[in-house]
Structure formats: structure tokens, C-alpha cells
Amino acid sequence: MPPDRSQRRALALVAPFFRRHWLRLTLGLVALLGVDFLQLLIPRVIKLAVDALGKGAATRQSLLGQGGLVIVLALGIAALRFAWRSLVLVFSRHLETGLRQRLLGHVLTLDRAFFQHQTTGEIMALSGNDLNAVQMACGMGLVAATDAVVMTLAALACMAYISPRLTVVAVLPMPLLVLSTGRLSARLHHRFKRVQEQFSRLTEFARSGLAAIRLVKSCTQETAQARHFDRLGQAYIRDNMRVAMLQGTIFPLSRLVGNLSLLLVLYGGGRLTVTGAITVGDFVAFSTYLYMLTWPMMAMGWVTTLFQRGLTSLARLNEVLTASPILTEPQERTPLPAPLDRLALRSLSFTYPGRDTAVLHDLSVEFRVGLTGIVGPTGSGKSTLCQLLARLYPVADDTLFAGGVDANRLGIGALRDQIAYVPQEVTLFSDTIAANISMGRPEARREEIEAVARAVAMDREIAAMPGGFATRIGEKGTRLSGGQRQRLALARALILDRPVLILDDTLAGVDQETEQRIINAIRPYLTNRICIIASHRLAPLADADEILVLDHGRLAARGPHARLLEENDFYTTIYRHQTAAGRDAQEEG
Ligand SMILES: Nc1ncnc2c1ncn2[C@@H]1O[C@H](COP(=O)(O)OP(=O)(O)O)[C@@H](O)[C@H]1O
Ligand SMILES: [Mg+2]
């Protein structure tokens, strides 16, 4: 089946690799042709031997000589085979590695919108299974296809040289094969697509299950998970079986056609030999060539499969490689005003990409140097606002301003470089404590790392760990508590020392007392910059310069703590509730 449009576009992905490795490929091809040529010589030698035997002219010496020649030819074939295999395999591995680097490099440029519909498992499957299919098609597939075509033509030519009429008779059944494999391979393509998609699902399920293994155990869902995994595996087998059934039809079909030809040759060729039109040696050589034809015939089926598979996978890869980030760099970047001393929203509304209801409505606020708090119940839009300020989602023109300039006219990276943002959900790397803290500034000195650890009240806890700052955390290391994780993330932001600091409910995992202690300790870091702290607790924001109260994505009230407490019922109710709860907890403690 000829490639469809998306597949043709995907082919452009591999073209540069062919250009870069043309010499290696050409040499490989030459070696391959050498193999074919030597292979075709063997029946000629056998013909000589058989004809000599038939005439009674064969001597011990001539037979030994011909046998020796066959061995020399076989040795040549072996050496050339080794040559083309290593040349072509090296090429296909280069191709695979190059595409993998491109894939992962590109995935890193994409943003949240992409990762919301593409699972990690899918990306893993692409970089494993699919890339392997492409590698196979461009390496072995290409070689086998060239080989099959060359061998077919050459064997046919040799056969025609012996007897054109017999050759016509021998190839009579071949169109049958071409027709049937053509139809079957169209179906193969669809079935392959399903296999690859199913494999993605399988990978993602395994990945997410392993990542949440403790949760799975605590819910005693191991058996259920295993069963579900088993079902996915069964579906994968079923899809593969459907492919195998088609492949299994193509192979025997070509065998059958081959044998049909043999029947015709035995009958027709036998008669020609009897009448003396061709020699016995010719007849033997002819049958050998015919036998040589069966391999390319079978290879065609296999190669079609490889190509189908490779094309399907290449199109899947291309889909990811052509995905572009939703946040795009402006054509002309306005330089960032320095120092960055204000961020502003003007009638900002926001809807998540792909959704249809807005989560933020008509917000107009200015954030100045000093501490601004954002409070509001869960779901009121605090995290969304923080993410917009951190430039993680696109905003409409003239709604978000940095230093008086529309953020859409500033380079995204340049603006993000000014912002230290701690997301609500902390991510740590399987690395040392020190490396996790200095992640955004790998060159940070030891004293700086220790200073921020002190500021987030973690110095003593770290000192008590087996390796201190060199303690490894994460999957293969020490497990940290939720509060510890959040404080590490906070330390990571503090060490960046940037003009804007955004903390999204960062201290939700520690008790109120520790929270207050941390807020006091990081106070030196909060001066002289724009600090925005979202929190569902009000107490730590009591001395903020201004507090924004969000309710259902709208600005319900704003002002300093004391004024809100006097004037705003909504705020007062939450405050009373929280302080009462805090007192109760303290009394109990
Ligand atoms: N990635 C997302 N895609 C679509 N909707 C989202 C996404 N994240 C949050 N929301 C929705 O936006 C609203 C505000 O959520 P959020 O900003 O997390 O509030 P808060 O941080 O105040 O709890 C909620 O209705 C939530 O369901
Ligand atoms: Mg939130």
C-alpha cells in the first residue's frame, strides 16, 4: 500500500539521515550486490559439473576444482555479508539514536497542554517500540527490499538466458502473489497501528502503577491492578495475533506460488531437456535459480510488513514532533524592563486550553515589591493565577504586564528567568538533597545551600540524615515527608534569588507553628522583591501588604488583613473558623 499523506510527511524525518550516511549506505549496497552476484555464480558452476557428469567427461580433478570454487565463492559471500550487515546496522542505529534525541529534545520544549493529553507511557513507547520499528524498516527492511529486487531481476535474467520460454512459464503464477499480498498489506497497516497503540497503553499503565505503588498497596489493589494489567496484556496479544494471522497467510502463500512454479518447470523444463533443447546441467541450474527466487518472494512479504510497521511508527513519531508549544515566542521581543518591579493584570480572564468555562474572570490587580497574599477556598483559582503569573499558560494580549510591558511581547524564557515559582505539587529528583536545592542554579556554593536550608527550617533535619546534604532522596533513597518536600522546594526557589517569588500553597504540608516559623525565617528573602503567596490559610499572611480574596475565579475583596477583617464578611468568617480550629489543635497538643 502506498504511504498516505501523513506518512509521506513523516518520511521527511528520516531523509537527513540517509543524506548524512550516504557513503556508508552505498558501500553496504555494493557489498550486498557482491553477495548476490557471487550467489548467482554458484548454479553456473554446478551446471558445468552436471553437464560434464552427463557427458562422462568429469574427472576427479575437475569435480574437486568445481567444489573448491563453490567454497571460495561461499567464503566471499560470507565476508561481503558481514560487511554489509555491519555497515547498514551502524547506519540504522545512528538513525534510531538521532531520532530519539530529537524526540526527547522536542518533548522538552512542549508545555503543559501537550502533557495533558500525551501520557508518559506513550512517550516511552514511542522512544522504544516505535523507534525500533523505524530502525528495522530503514536498516534491515531497506536491505532486504533491495536484495529481493536485485535477486529477483538477476535470477530471472539468468533463467531467461537459459530458456526464455521456460522462464515465462515459471513466472506465470507470480502475479497471483503480487495481487494477494498487496491487498493483505493494506490490512496489516491498520492492525499494526492498533498493536502500537495498545503497547502505549500497556506501558503507561505499568508506569503509573509502579509510580503509585504505595497507594496501590494501601488500597490493597495489587490483585486488581495485576488483573487489569493482564487484560491489557491479553488485548496486546490479541492485536498481535491478528497481525500474525495476516503475516502467516502471506508466507505460506508465497511458498505455494513457488511450488506451483516448480511444478510447471518440472513439466515444461523436463520436456525441453528430453527433446535436447536444453542440457541437463541447464535444467538443474534453472531449478536452482527458481529456488533462489522463493527467498525474495518471501522476503517481499516480510519487507512489506517491516515497512508498514516502520511507516506507522514514523507517523506516530511525527505527530509528536510536529506538536508545538501553546505558548509561542513573540516575533519581535521587547527587552525586559530592569529592574522588574511590578506585575499587573488588566481585565484578565482565563480558560484552560480545550475547556469551555472560564476559571478566572476579569481580574485587574497590580503586584508591587512587597508581599501580596492570595486567599480563597479550594477551587477558587489561586493555583491557576500563580501558573499564569509564572508564564505556564498563554494569556490574551494586553491582560498580563511585566514592568509595564505586555507579557506576550516579552521572551518567555527571559520572563521566566525573573520568576522563582514553587508549584503546589512538589517534584523532587532522585538525587542528593544539595542537588535538589541547587537545581535551578547548579553553580550555587555550599554556604548558599546551607543558608536557604536554614531559612526553611530544615538544617537540623538534614544534619540528622545519614549523608547530610549528600543524602540521596527519591525512589532509591530517603523518603521525605510532605512538609519536608515542600520546604525543599521552597529552598530551591529561594536560592534562585529572583525579582519575583511565587509560592502556591507551599506550606500546606507543615503545621501552623512551623509555617509561622518558616515565614519569619524567610522574611529577609521576601523584602526587595515581588512576593506572591497563595494560601488557603490566612494566618501567615496577616502582615502582607495586600491580600486578594478570590471566590470562584473573581476578586471578592482586597486590602490588608486588618481592613478585610473589619469590612469583609467572607474573609472574617474564614479567619474565625481557621483561628478557632488552630486553637483547638494547640489545646489538644
Ligand atoms: N489543568 C487544568 N485543566 C482544566 N481545569 C483546571 C486545571 N487545573 C485546575 N482547573 C480548574 O480550575 C479551577 C481553579 O482551580 P485551582 O486554580 O487549582 O484552584 P485553587 O488553587 O484555588 O484550589 C477549578 O475549577 C479546577 O477544576
Ligand atoms: Mg491550589
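Under this note's numbering, residues 2 to 590 are what the sequence shown spells out, in order.
Even glycine gets a Cβ: it sits at the ideal position worked out from N, Cα and C.
Compare the C-alpha of residue i against each of the options and name the closest.
| i | options | result |
| --- | --- | --- |
| THR305 | ASN130, LEU247, TYR237 | LEU247 |
| ARG192 | VAL244, THR27, PHE19, GLU568 | VAL244 |
| GLY414 | THR335, LEU364, PRO354, ILE531 | THR335 |
| VAL376 | ARG310, HIS553, ALA278 | HIS553 |
| PHE19 | ALA138, ARG113, LEU39, LYS56 | ALA138 |
| ALA535 | ALA543, SER482, THR528 | ALA543 |
| ASP363 | SER93, SER128, GLN8, LEU556 | LEU556 |
| GLN309 | SER186, ASP283, GLN199 | SER186 |
| GLY441 | ALA53, LEU481, LEU489 | LEU489 |
| LEU74 | GLN40, ALA458, THR313, ASP112 | GLN40 |
| CYS387 | ARG538, GLN8, VAL46, PRO424 | PRO424 |
| PRO331 | LEU318, VAL406, PRO297, LEU341 | VAL406 |
| LEU1 | VAL266, ILE420, GLY66, SER255 | The chain is shown from 2 up to 590; residue 1 falls before or after that span and cannot be answered. |
| SER365 | VAL217, PHE402, LEU318 | PHE402 |
| GLN117 | ASP546, PRO326, THR276, ARG518 | PRO326 |
| LEU54 | VAL285, ILE523, SER201, ASP498 | VAL285 |
| ILE64 | ALA50, LEU76, LYS56 | A small fix is needed here, since residue 64 is Leu in this sequence, not Ile. Residue ALA50 is the option with its Cα nearest to LEU64. |
| THR373 | ILE548, GLN67, ALA540 | ILE548 |
| LEU337 | SER262, THR385, GLN419 | GLN419 |
| THR428 | LEU33, ARG538, LEU491 | LEU491 |
| ARG410 | THR329, GLU568, LEU90 | THR329 |
| GLU516 | ALA456, ASP240, ALA558 | ALA456 |
| ASP5 | LEU315, ALA58, LEU389, ARG493 | LEU315 |
| MET175 | ASP570, ARG25, THR276, THR295 | THR295 |
Grab me the residues of residue i's own chain with a C-beta within less than 7 Å of its C-beta, minus the 5 sequence neighbours each way, in chain order.
| i | result |
| --- | --- |
| TYR290 | PRO44, ALA156, CYS159, MET160 |
| PHE252 | MET299, GLY302 |
| THR400 | LEU346, ARG347, SER348, LEU349 |
| LEU566 | TYR572, THR573, TYR576 |
| LEU28 | LEU88 |
| LYS48 | GLY282, ASP283, VAL285, ALA286 |
| THR379 | HIS537 |
Give a yes or no on whether the C-beta atoms belonging to residue i and residue j are separated by under 9 Å.
| i | j | result |
| --- | --- | --- |
| PHE351 | LEU361 | yes |
| LEU96 | VAL15 | yes |
| ARG435 | ALA471 | Checking the displayed sequence, the identity of residue 435 turns out to be Ala instead of Arg. It is a contact, given that the beta carbons lie within the stated cut-off. |
| GLY311 | GLY142 | yes |
| ALA199 | ALA134 | Per the sequence presented here, residue 199 reads as Gln, with Ala not at that position. Not closer than 9 Å, so no. |
| ARG430 | GLY475 | The question names Arg, but residue 430 in the sequence shown is Phe. Yes, they are a contact pair. |
| ILE438 | ILE496 | yes |
| PRO354 | ALA114 | yes |
| ILE124 | LEU104 | yes |
| VAL501 | LEU344 | yes |
| PRO561 | ALA545 | yes |
| GLN487 | THR507 | yes |
| ASP342 | ILE503 | no |
| SER209 | THR323 | no |
| ASP460 | GLU451 | yes |
| MET293 | MET152 | yes |
| LEU132 | LEU318 | yes |
| ALA265 | LEU173 | Per the sequence shown, the amino acid found at residue 265 is Leu instead of Ala. Yes. |
| ALA126 | LEU81 | no |
Near residue i, which residues of its chain fall below 6 Å by C-beta distance, leaving aside the five closest residues on each side in sequence?
| i | result |
| --- | --- |
| ALA300 | ALA145, ALA149 |
| GLY590 | Note on GLY590: pLDDT 47, under 50, position unreliable in the model; no value is reported. |
| LEU12 | none |
| HIS22 | PHE92 |
| GLU320 | none |
| LEU307 | MET137, ALA138, GLY142 |
Under the criterion of a Cβ to heavy atom distance below 8 Å, does residue i qualify as lining ligand 2?
| i | result |
| --- | --- |
| GLN425 | yes |
| ASP505 | yes |
| ALA227 | no |
| ALA557 | no |
| ALA535 | yes |
If you drop the 5 nearest sequence neighbours on each side, which residues of the same chain put their C-beta closer than 8 Å to that of residue i?
| i | result |
| --- | --- |
| ILE279 | ILE163, SER164, LEU167, GLY270, LEU273, PHE287 |
| PHE206 | GLY122, HIS229, PHE230, LEU233 |
| ARG417 | ALA391, ARG392 |
| GLN235 | none |
| ALA563 | none |
| ALA408 | ARG392, VAL396, LEU401, PHE402, LEU416 |
| THR580 | ALA540 |
| SER128 | ARG101, LEU104, LEU105 |
| ARG518 | ALA458 |
With a threshold of 9 Å between beta carbons, is residue i in contact with chain C?
| i | result |
| --- | --- |
| LEU70 | In summary, chain C is missing from the structure at hand, where a single protein chain is found. |
Query - Distance cut 5 Å, beta-carbon to ligand 1 heavy atom: residue list by chain order - result: Taking each Cβ in turn, the ones that pass are TYR353, VAL360, THR379, GLY380, SER381, GLY382, LYS383, SER384, THR385.
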